[in-house]
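Notes follow the structure.
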Amino acid sequence: MNSNLQKEKTDLLRRAVEVIEKSCLEQIWQAGLRRDPKNYHITVMYPPLKAMDQISEGTIFTDFQNISREFALYIHIPFCSGRCSFCYFHQIEKPKPKIILDYLEAIKKEIRLVSQKIKEQLDGITIPSIFFGGGSPTILSGDQFADLIEYIEKQFAFSAQTEITVEVHPEIIRKNGRALLKRYFENQVNRLNLGVQSFDDQILRTTNRRHTAADAVDVYNLARETGFTNVNIDLLYPLPDLSPWIWEQTLIAAFNLKPESVTTYFTAIRKPSSVYHLLQKAPARFPNEYMNHLFRIMTIEKAREEGYDHRQLIDWFVKPRKDFHYKHQKNEAKKTEEIQLLSFGSGVFTYLNYHQYYNFPDIRKYCASLNENKLPIWRGIKLTEEERLARAMVLGIKSGDVNIREIEERFNQKIDERYDSLLLNLEKLELLEKTNGNIRLSEKGILFADEIAVQFITPDMQNKLRQQNELITSEQELIENYNFMYDMSELNFLK
Ligand SMILES: C[S@@+](CC[C@H](N)C(=O)[O-])C[C@H]1O[C@@H](n2cnc3c(N)ncnc32)[C@H](O)[C@@H]1O
Ligand code: SF4
């Protein structure tokens, strides 16, 4: 039992402690799987930036071997009104109007160039989802947003069935919130993603969120008033000074609003963020590994109690509703090769034609490249069949279950033979269950989804990551800063 838990236990906390006690965490930790915010690899893509090489647009956009015609679009707006203490994402604080205008011109050009290149290769493409993320897309004015979405529609004819999501920062309630949400609604946006993170005002203050819990509730109500029927709330843990009691209050506040879904992110504490430095100076202000598991279990228990299903690529809890598809997350979760991911903007990654590539994170380089009519591709790689198989396993395991039959057919490999000792070890630790044609993470396994997914990285990729670690190039610092996952020096493999 953790000594920090001596205070009175609520019913939720008592249940979560019971689950955690049954999970034999120590045994799993000893086997080598650890969940530590400093070494946390958010498994949303594979392979990682560090493994990317120089690549030309010609190699990516010619001779399409992946002829899937479904494209999920991601549009990145890298601007914010300030810097939250936990955020390591590339963004520009308080951008000057001219920077925004230049960026919008550049992103439009990127959208046009890419759509032309794709149409030269494939006809009849469809767009199941478009996601405007950031940074804070809400930094754009209503007119700027309307102009951008109109432009996207000209290049990629989407339909009324396309799910269009915008990430909304609650701060808009004190500015142009009402007008902005109305503009989104009129411009075909049918899903909002509210970045709330916490419903505790003290935590919101110390993390420099620039809004209060009441603001978040107000913006949620305004979204409903405007007509939005699909709203997601993002929450984040661990944060400094977060206790199980504060976390429970945050969960209660979020589920009381009855959103269509709640997403809880596990904070990756990375060098570019100020919480990284706070953690070095005052580790006692941060929950320990046991507590972090406890927060996760509390969330799963609370969501279950409220009747939400758990989808695991990210911890995403959805209200089961027949008429909603939650396409973007479904696409993300699927991550198979049937849906290609096209991302636009600085620092984003795309999965297209069996290539993964990254755009320049530096917005000046990004705009300069497009000024010369060149795609702003920074680094990329063509995945071999071996790496495509690893990608399917890594992302599939992270999503909670893998359709083995489908993968075996696609790659002509016997998964049991290919990963025999690894699967055996995971089964012995009761982290994984095999049913006919499927591999599923067990209840215990779900607690270590990212750490288990990492085990499926190929030996070749591990070597590549090791070599890159030793490389000293002028771009090394940039790569280190933007390589948020799979740093070989930090990876834990099963002992
Ligand atoms: C990139 S942010 C953009 C959202 C928007 N700017 C906002 O803050 O409302 C998307 C989500 O990532 C999550 N996030 C932010 N920092 C994170 C970190 N260090 N580790 C994991 N997730 C994080 C937050 O939950 C956030 O809502
Ligand atoms: S969490 Fe969102 S608002 Fe805060 S700095 Fe990061 S991108 Fe900007």
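Position one of the sequence shown corresponds to residue -7 (our numbering), numbered consecutively onward. For glycine and all other residues, C-beta sits at the position ideal for the given N, C-alpha and C. On a predicted model such as this, the values are computed, not experimentally measured, just so you know.
Open item on the list: Does V223 come out as helix, strand or coil in the three-state DSSP assignment?
Closed with: Taking the first residue of the sequence shown as position 1, residue 223 is located at position 231. Strand, per DSSP.
Task: Residue closest to L214, alpha-carbon to alpha-carbon, out of I144, R202, R201, I165 - done: Start at 1 with the first residue of the sequence shown, and residue 214 comes out as number 222. When the alpha-carbon of L214 is set against those of I144, R202, R201, I165, the nearest one is in I165.
- [ ] Under the assumption that A295 contacts V254 (Cβ atoms under 8 Å), give the Cβ distance between them as a whole number of angstroms.
- [x] The sequence position of residue 295 within the sequence shown is 303, counting from 1. The sequence position of residue 254 within the sequence shown is 262, counting from 1. Rounded, the Cβ-Cβ distance is 7 Å, consistent with contact.
TODO: Kindly indicate which three-state DSSP category S391 falls into: helix, strand or coil?
DONE: If you number the sequence shown from 1, residue 391 lands on position 399. Of the three classes helix, strand and coil, the one that applies to S391 here is coil, per DSSP.
- [ ] Could you have a look at L65 and say whether DSSP puts it in helix, strand or coil?
- [x] By one-based count along the sequence shown, residue 65 stands at place 73. L65 falls in the strand class under three-state DSSP.
- [ ] Would you kindly work out how many angstroms separate the C-alpha atoms of I407 and W237, rounded to a whole number?
- [x] Position 415 of the sequence shown holds residue 407. Position 245 of the sequence shown holds residue 237. Looking at the two C-alpha atoms, the distance is approximately 43 Å.
Open item on the list: With a threshold of 8 Å, are at least 3 pairs of Cβ atoms found where one atom belongs to the segment 438 to 458 and the other to the segment 29 to 49?
Closed with: Using a Cβ-Cβ distance cut-off of 8 Å, the segment 438 to 458 and the segment 29 to 49 are in contact, since at least three pairs of beta carbons, one from each stretch, lie closer than that value.
Open item on the list: Counting beta carbon pairs with one atom in the segment 137 to 150 and one in the segment 70 to 86, are three or more of them shorter than 8 Å?
Closed with: Touching, no.
Open item on the list: Quick check: does the Cβ of H347 come within less than 7 Å of any heavy atom belonging to ligand 2?
Closed with: Along the sequence shown, one-based indexing puts residue 347 at 355. Not under cutoff, so the answer is no.
TODO: Output yes or no for whether 8 Å exceeds the beta carbon distance between F191 and Q241.
DONE: Taking the first residue of the sequence shown as 1, we reach residue 191 at position 199. Taking the first residue of the sequence shown as 1, we reach residue 241 at position 249. Yes, these two residues count as a Cβ contact at 8 Å.
Open item on the list: For P275, count the other beta carbons within 10 Å of its own beta carbon; 16 or more makes it buried, fewer makes it exposed. Which is it?
Closed with: Residue 275 sits at position 283 when you count from the first residue of the sequence shown. The residue is exposed, with fewer than 16 neighbouring Cβ atoms inside 10 Å.
Task: Whole-number beta carbon distance between L286 and I20, since they are thought to touch under 8 Å - done: Taking the sequence shown and counting its residues from 1, the one referred to as residue 20 is at position 28. Taking the sequence shown and counting its residues from 1, the one referred to as residue 286 is at position 294. I20 to L286, Cβ: 15 Å. No contact.
Open item on the list: Following a CB-centred definition, is I47 positioned closer than 7 Å to any heavy atom of ligand 1?
Closed with: By one-based count along the sequence shown, residue 47 stands at place 55. Not under cutoff, so the answer is no.
Task: Coarse secondary structure for F316, derived from DSSP in three states - done: Locating residue 316 in the sequence shown gives position 324, where the first residue counts as 1. A caution first: F316 carries a pLDDT of 46, below 50, which makes its placement in the model unreliable, though a value can still be read off. Look at F316 here: in three-state DSSP terms it is coil, with no helix or strand label.
Task: K406, DSSP secondary structure in three states - done: Here residue 406 is taken as the residue at index 414 of the sequence shown, counted from 1. Residue state, collapsed to three classes: coil.
Open item on the list: Given the structure, does S434 come close to ligand 3, in the sense that its CB is under 7 Å from one of the ligand's heavy atoms?
Closed with: Looking for ligand 3 in the displayed structure turns up nothing; the ligands present are ligand 1 and ligand 2.
- [ ] Note down the Cα distance separating I399 from A152, rounded to an integer number of angstroms.
- [x] Counted from its first residue, the sequence shown places residue 399 at position 407. Counted from its first residue, the sequence shown places residue 152 at position 160. Their backbone Cα atoms lie some 32 Å apart in a straight line.
Open item on the list: Residues in the same chain with beta-carbon distance under 7 Å from I103, minus the five sequence neighbours each way, listed in chain order, please.
Closed with: What you label residue 103 is simply residue 111 of the sequence shown in a count that begins at 1. Closer than 7 Å at the Cβ level, and outside the excluded window around I103, lie Y143, I144, Q147, F336.
Task: C-beta contact flag for N248 and N185 at 8 Å - done: Locating residue 248 in the sequence shown gives position 256, where the first residue counts as 1. Locating residue 185 in the sequence shown gives position 193, where the first residue counts as 1. Using a Cβ distance threshold of 8 Å, N248 and N185 do not count as a contacting pair.
Open item on the list: Please state whether the Cβ-Cβ distance between E218 and F177 is less than 8 Å.
Closed with: Residue 218 sits at position 226 when you count from the first residue of the sequence shown. Residue 177 sits at position 185 when you count from the first residue of the sequence shown. A small fix is needed here, since residue 218 is Thr in this sequence, not Glu. A contact, by the Cβ cut-off of 8 Å.
TODO: Could you please give the first and the last residue of the uninterrupted beta strand (DSSP E) stretch that includes G299?
DONE: Counting from one through the sequence shown, the residue named residue 299 turns up at place 307. Taken as a continuous stretch (DSSP letters only), G299 belongs to no beta strand (DSSP E), as it is neither H nor E.
Open item on the list: Just verifying my parser: in three-state terms, what is the DSSP assignment at C72?
Closed with: Taking the sequence shown and counting its residues from 1, the one referred to as residue 72 is at position 80. Residue state, collapsed to three classes: strand.
Open item on the list: When you compare the segment 0 to 18 with the segment 345 to 357, are there three or more beta-carbon pairs, one atom per stretch, that lie closer than 8 Å?
Closed with: Touching, no, given that fewer than three Cβ pairs across the two stretches are closer than 8 Å.
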